Structures are given as structure tokens and as C-alpha cells.
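Only one structure is covered here, and it is reproduced in the block below.
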Amino acid sequence: MIPVEQLVGLILTAGELLLTCGAEMARVEETIERMGRAAGFVQVESYATPTGLFVSLHDAAGKVYTRVKRIRGGQSNIALIAEVNSLSRAFAAGEISAEEVQRALERLQEQGAPDSFSRKLIGGGGALAFAVMMGGGWREGLVAGVVGTLVLLVVSLMERRFPKVLQSAVGSMVAAAVIRCAASYLDLNVNVAIVGAVMVLAPGMVITTAIRDLLGGELVSGLSRSAEALVIAVAIATGVAVVLSLGGA
Amino acid sequence: MLVQTAMGFLAAVTFGYIFRVPANQSVRCGVVGGLGWAVFLAAQGHLGEVGAVFLAATAASVCSEVLARRHHQPVIVFLTPGIIPIVPGGKAYLTMLSFVQKDYTQGVVLLVTTLFLAGAIAAGIIITSAVFRNFSRTKLKGR
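Protein sequence lines correspond, in order, to chains S and U.
Residue numbering for the first sequence follows our numbering, beginning at 12 and increasing consecutively.
Residue numbering for the second sequence follows our numbering, beginning at 232 and increasing consecutively.
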């Protein structure tokens, strides 16, 4: 049996992983509650926000363990959310022990996010699809696909070194500039191609989570995530706008 | 129409990769995305844009909730990439473009349309998830 302090840390780590991967608040709090009860605490209180996590666990003897964890922005990773979710369920159902959960969580924490070139190529495929869905032809689609891949490469070079806002702005500037230049050689619908290419930067997951949080009554995180999405969207728009107005659109 | 549905599928699968859904679920994300986009295109002529987006969001959410229950995954695995094709990214872009070109009237029109479309998506998601939460609790515990 692992010591109580470690058990508290374990629950906190699960919450932290979920938050950095962009889970909804309801899921984080539910998971902590579920794991806390399974670990034998009689009362579990948690308060999750996108930037911080507070947990209080009351044991049967009346002792209270309270921890605070500062959450720093991570990357959307739905697979990890699903993993932690099923881990906590298996733990609550008594199928796996606390030690096993700990090992699994450590493994998940280390594994992080492999960022391969193929991921960017696939992202470019998304840009292609969007350009065609917005009414573009194959030419717009192909240009958007190539530029979308390029944008993801640029963003991954800036990863961790620059704030997310700057990443988005620079990414969209690159997209707009390249497509604008390409348009002088090809007969292109510039707008459609640019929309497709910058969609890879759009904060899609943040928006969906923000909606789910807001409508689920999680006002603090709903609003802060909406603000995050808005800031990123404005950054993308500004990047494109700067290039287009320089190019005399 | 077939090409467009395929593109909706492709968009959802690729964005699934960007959001890192479990690899073995990405085809199902694509199905949700393709379905949403097809519903939108089919309904657009009859209901107008906002109504069509609402219907598409509802269809995508229903599909996600069903898949999530059948394959024991969180709903967001399917819903987040699946909803991507109907997100009004193009409208948001055109809004910005109008403002940059100092066409404020057009900009405000597009802005309001974008907000309505976003609201329609939110409504579709929340109504579906509320219905599923209330009526399927007994059949399957948790999501």
C-alpha cells in the first residue's frame, strides 16, 4: 500500500494531466472525485481552472490533505484524456492498484507528444479539405495543403520559445504571404486558399471545450477559454490582415 | 456532394490527428465530420445557414454520443474533430477581411452571422448532450 501523501499526489497528477491536455472542467473534477473516493477518502473537494487546480481530500480520521497545482499550458491531446479517464475508471472499479495507476501516469507524463513530420503532413490534408469545402477547386486545395504543412512546421519551430499568440500570428503571416506570392504565378482564389491554410491554427478544441464548460455552468473556465480562443483568433486574423494590407489587397 | 462529404471526412480525420485522438478512433471521427458536413449541405437550401448548422451540429453530436457509448470513449474524442467541418472559420476570416478593407457594414453583417452560426453549433451540442445525459444514464454508467 502506498503512503497517503503519495496517493494525494497521484490524484493531483491525474488532474494535472487532464488539464494540460485540454479536458473539460467537469471531467477533471469528476475524475478527481472518483479517484479520491476509490482511494478511501470520505470527502473530496476539487476546483479546477485552466491555469490551476485545487484539491482537498478528507480522510476518515478527519485529517485534510490540500494541494494546489499550477497548470501551465500544454497541447491538445485527446488520446491522453481518454487514457487517464479509463485509468481512473479502472482504479475506481478496483481493477488496478494505486501502484499500477502511478506507473501508468508516469509513463503517460513522460511519453509527451511525439511531433513527427507526418503529423504536419496530415494537418496539411486538413487545410486541403477546408479549402475545398469553402468552395475552392483542386488548385486552391493543393496550395492550401502545402502551405498548411508549412505553417505547422513554422509553428512547431516556435513551440515553447514564443507565446502562443505570437506563434499563431507568425503562422498566419507566413500562410498569407506564401499564398499571396503564389497567386501571382497561379490563377488562385486567394481568400479560399488562405482560409484553408490558417484553419490548422484555429483553436478548434479550445472553442469546443469552452462551449461545453460554459453551458455546463463552469463559468470561470468557460470564460477564460473563450478569451484564449478569441485572442488566438484575433492573432490569426491580424497576421493575415498585416500581409494583405501590405500587399494592397 | 460526394466529394464534399469526403472532404468533411478528411477534415475531421486530419484535425483528429492534430488534436491527437486515439489512433484507432480516427476513422470514426471522420464519419462524424462527414455526416455533419453532408447534413449541413443538404439542409442549407431549405433551412438557411443557421438552421442547417444547428441541424448538422445536432446530427454530429448524436452520432458522437452513440459512438462514445458503443466504443467506451469520452464523447470529446468524436465530437471535437467531428464538429470542425461546420465551424464557421471561413466566415470569421471574411469578417476580418471586410474590416481590414474598411467595409464596416459588410464586416458587421458577417460578424453577426458568424456569432449566430457559433451559437447554433453550441445549441446543437448542448441540447443533444443534455438529452443523452438524462435518458441514457441507466443503460450505461458514465461516459
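Here a beta-carbon is modelled for each residue, glycine too, at the ideal position from N, C-alpha and C.
Everything numeric in this text was worked out from a predicted model, so none of it was measured.
Hey, does residue 31 of chain S have any beta-carbon neighbour from chain U nearer than 9 Å? So no, residue 31 of chain S is outside the interface.
Host alpha helix (DSSP H) of residue 71 of chain S (start-end): According to the DSSP assignment, residue 71 of chain S belongs to no alpha helix (DSSP H), since it is labelled neither H nor E.
Cutoff 9 Å: residue 206 of chain S Cβ touching any chain U Cβ: Residue-level contact by beta carbon holds for residue 206 of chain S and chain U, with a gap shorter than 9 Å.
Do you know offhand how far residue 364 of chain U's Cα is from residue 96 of chain S's? Taking C-alpha positions only, residue 364 of chain U is separated from residue 96 of chain S by approximately 18 Å.
List the endpoints of the continuous beta strand (DSSP E) containing residue 55 of chain S. Start and end: 54-60.
Near residue 221 of chain S, which residues of its chain fall below 7 Å by C-beta distance, leaving aside the five closest residues on each side in sequence? Cβ within range, chain order: 233, 236, 237, 240.
Distance cutoff 9 Å, beta carbons only. Does residue 150 of chain S sit that close to anything in chain U? At a cut-off of 9 Å between C-beta atoms, residue 150 of chain S does not count as an interface residue with respect to chain U.
In three-state terms, what does DSSP make of residue 158 of chain S? Annotated three-state conformation of residue 158 of chain S is helix, per DSSP.
Could you work out which residues of chain U lie near residue 63 of chain S, taking near to mean beta carbons separated by less than 7 Å? Per Cβ cutoff of 7 Å: no residues; residue 63 of chain S is ~21 Å from chain U at best.
Give a yes or no on whether 9 Å exceeds the smallest Cβ distance from residue 215 of chain S to chain U. For residue 215 of chain S, the answer is yes, since a Cβ of chain U falls inside 9 Å of its Cβ.
Considering just the uninterrupted stretch of the alpha helix (DSSP H) at residue 309 of chain U, what are its terminal residues? Residues 306-314.
State yes or no: is the beta carbon of residue 251 of chain U nearer than 9 Å to at least one beta carbon in chain S? Closer than 9 Å: yes.
Under the three-state reduction of DSSP, which class applies to residue 322 of chain U: helix, strand or coil? DSSP places residue 322 of chain U in the helix class (H, G or I) of the three-state scheme.
Per DSSP, residue 64 of chain S is paired with what? Answer by DSSP bridge pairing, in chain order: S:59, S:80.
Looking at the C-beta of residue 26 of chain S, does it have a partner C-beta in chain A at a distance below 9 Å? Here chain A cannot be found, since the structure's protein chains are S and U.
State the Cα-Cα distance for the pair residue 255 of chain S and residue 145 of chain S, rounded to the nearest angstrom. Cα-Cα distance, rounded: 19 Å.
Assuming residue 266 of chain U and residue 283 of chain U make a contact with CB atoms under 8 Å, what is their CB distance in whole Å? The beta-carbon separation of residue 266 of chain U and residue 283 of chain U, rounded to 13 Å, does not stay under the 8 Å limit for a contact.
Spatial distance of residue 268 of chain S from residue 32 of chain S (CA atoms): Any question about residue 268 of chain S goes unanswered here, given that chain S covers just 12 to 260.
By how many angstroms is the C-alpha of residue 338 of chain U removed from the C-alpha of residue 328 of chain U? If you draw a straight line from the Cα of residue 328 of chain U to the Cα of residue 338 of chain U, it comes to about 8 Å.
Would residue 44 of chain S be called buried (16 or more neighbouring beta carbons within 10 Å of its own) or exposed? Buried, since its Cβ has 16 or more Cβ neighbours within 10 Å.
Within 9 Å (strictly less), CB to CB, does residue 370 of chain U reach chain S? In this prediction, residue 370 of chain U has a pLDDT of 49, which is less than 50 and means its spatial position is unreliable; nothing more can be read from the coordinates.
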